[in-house]
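*Asks:* Each step along the sequence shown adds one to the number in my numbering, with nothing skipped, and position 180 is 182.
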Amino acid sequence: MTGKVAFCFPGQGSLEVGMGKEIAEASPEAMQVLEAGSRVAKLDLVHLTFDAPEAELVETEVQQPALVATSLALLAAIRKRGIKPDFVIGHSVGEFAALAAASAIKVEDAIALVRERGLAMAEAAKRNPGSMAAILGLDDETVERICRRILGVWPANYNCPGQVVVSGETLAVDEACEAATSEGARRAVKLRVSGAFHSPLVAKAADRLRPALERVKFNEPAAPFMSTVTARIENAKRMGPLLVEQLTAPVRFTQAAGSLVRDGVRTFVEVGPGNVLSGLVKRIDRSVKTITVNTPRAVDQLEETLGSA
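#1: On the three-state DSSP scale, how would you describe Arg83?
#2: What alpha helix (DSSP H) runs, 4 residues minimum, are completely inside the stretch 256–297?
#3: Do you know how far the Cα of Pro243 is from the Cα of Ala127?
#4: As a quick exercise: from Ala28, Val145, Ala224, pick the residue whose alpha carbon is nearest that of Ala103.
#5: Determine which residues share a DSSP beta bridge with Gly2 and list them.
#6: Here's the rule I'm using: 16 or more other beta-carbon atoms within 10 Å means buried, otherwise exposed. How should Asp111 be labelled?
#7: In terms of residues, what are the limits of the alpha helix (DSSP H) holding Val116?
#8: Starting from the C-beta of Leu36, find all residues in its chain whose C-beta is less than 7 Å away, skip the five residues before and the five after it, and write them out in chain order.
#9: Going by DSSP, what residue range makes up the alpha helix (DSSP H) through Ala38?
#10: Just tell me which of Glu143, Gly154, Ser201 has its CA closest to the CA of Leu249.
#11: Given a cut-off of 8 Å on the beta-carbon distance, is the pair Leu211 and Arg129 in contact?
#12: Can you name, in chain order, every residue of its own chain whose Cβ lies under 6 Å from the Cβ of Gly170, other than the five neighbours on each side?
#13: Compute the beta-carbon to beta-carbon distance between Ser40 and Gly274, rounded to the nearest angstrom, for a pair I have assumed lies under 8 Å.
#14: Out of curiosity, what's the CA-to-CA distance linking Ala158 and Ala135?
#15: I believe Lys6 touches Gly266 by the beta-carbon criterion, under 8 Å. Please report the beta-carbon distance rounded to the nearest angstrom.
#16: Beta strand (DSSP E) containing Arg189: first to last residue?
#17: Would you call the stretch 176–184 and the stretch 135–149 in contact, with 3 or more CB pairs under 8 Å?
#18: Run through DSSP, which three-state label would Gly13 get?
#19: Bridge partners of Gln165, per DSSP?
#20: I'd like to check one pair, Lys284 with Thr292: are the Cβ atoms closer than 8 Å?
#21: Based on Cα-Cα distance, which residue from Pro163, Lys192, Thr144 lies nearest to Ala258?
#22: Is Leu262 near Ala8, with beta carbons less than 8 Å apart?
#23: Whose CA, out of Val301, Met241, Arg83, lies closest to the CA of Glu216?
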């Protein structure tokens with residue numbers, strides 16, 4: 003029994019070189035997403051997802067639209083098979099793909115907004131530099147206590163039990179890593195990112211993104227949208243404000259995925275490159291099934307597993 007099915011969409015860091023090539027060459031619908039996305043984002047997403055080297059892809063302003071476009075290209079191939087989710091959820095920038103998957107916004111609008119988001123975040127990070135680090139092996143409350151004690155660092159991502167990312171001023175993040183190690187953390191790992199995302203240090207990005215979001219009409223989602231800002235199901239009226247708040251608020255993936263399990267979700271389908279979210283979900287609840295869909299073969303297997311809705 004699959005129970006209810008949630009489609010989940012990865013965030014920044016799940017990129018892979020050539021991540022859109024295989025699906026776009028196998029599926030005309032997927033290629034159409036990349037081509038339409040290129041037009042609205044004014045960015046060659048076909049090049050970025052087919053041929054760009056990692057050094058080019060890691061830049062926030064191109065990584066975000068390339069990643070979301072790849073997820074939405076895979077989604078187009080899944081939709082062609084008639085497979086629909088019962089819920090959608092996204093990690094950070096993956097929320098834009100999740101909203102498109104729920105038909106709350108158009109695919110082109112999602113990609114255009116993510117391009118603006120990436121530019122806004124890159125600009126904010128240059129103006130107000132900072133760092134992020136993953137704290138492994140401590141509970142949420144201990145990491146929160148460390149952040150309260152050190153000025154200039156905040157919890158940024160609640161990824162799964164025992165894995166919290168902190169974000170803030172570089173010296174404060176370094177101090178938090180030392181404090182975490184002394185509290186018994188298994189590891190404290192600095193992340194390769196260009197700024198202190200999901201913290202007050204990137205508030206300027208929210209100011210820049212807000213007008214673009216206010217111009218977009220959000221529809222009531224066809225599948226309930228689980229916000230990783232609030233860890234609650236949210237309606238169309240809340241979506242624009244939440245996507246602004248998301249830039250400076252922590253990603254509550256642990257809490258949101260746990261809530262979906264309580265709502266009856268037994269299968270989490272990760273739509274996008276890599277398998278980061280599948281790993282996190284299994285650490286949140288080992289009893290659920292996870293399926294990663296990042297190749298044409300994986301789309302076939304998904305159809306075999308779930309059948310047409």
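Note that the Cβ used here is the ideal one computed from N, Cα and C, for glycine as well.
*Replies:* Let's see:
#1: coil
#2: 278–286
#3: 21 Å
#4: Ala224
#5: Nothing can be reported for residue 2, as the shown portion of the chain is limited to 3 through 311.
#6: buried
#7: 109–129
#8: Gly22, Ala26, Leu47, Val48, Thr51, Ala71, Ala75
#9: 30–43
#10: Ser201
#11: no
#12: Gly132, Gly154, Val155, Trp156, Ala198, Ser201
#13: In fact, because the Cβ distance is near 18 Å, the residues do not count as touching under 8 Å.
#14: 9 Å
#15: 5 Å
#16: 189–192
#17: yes
#18: coil
#19: Leu138, Cys162
#20: yes
#21: Pro163
#22: yes
#23: Met241
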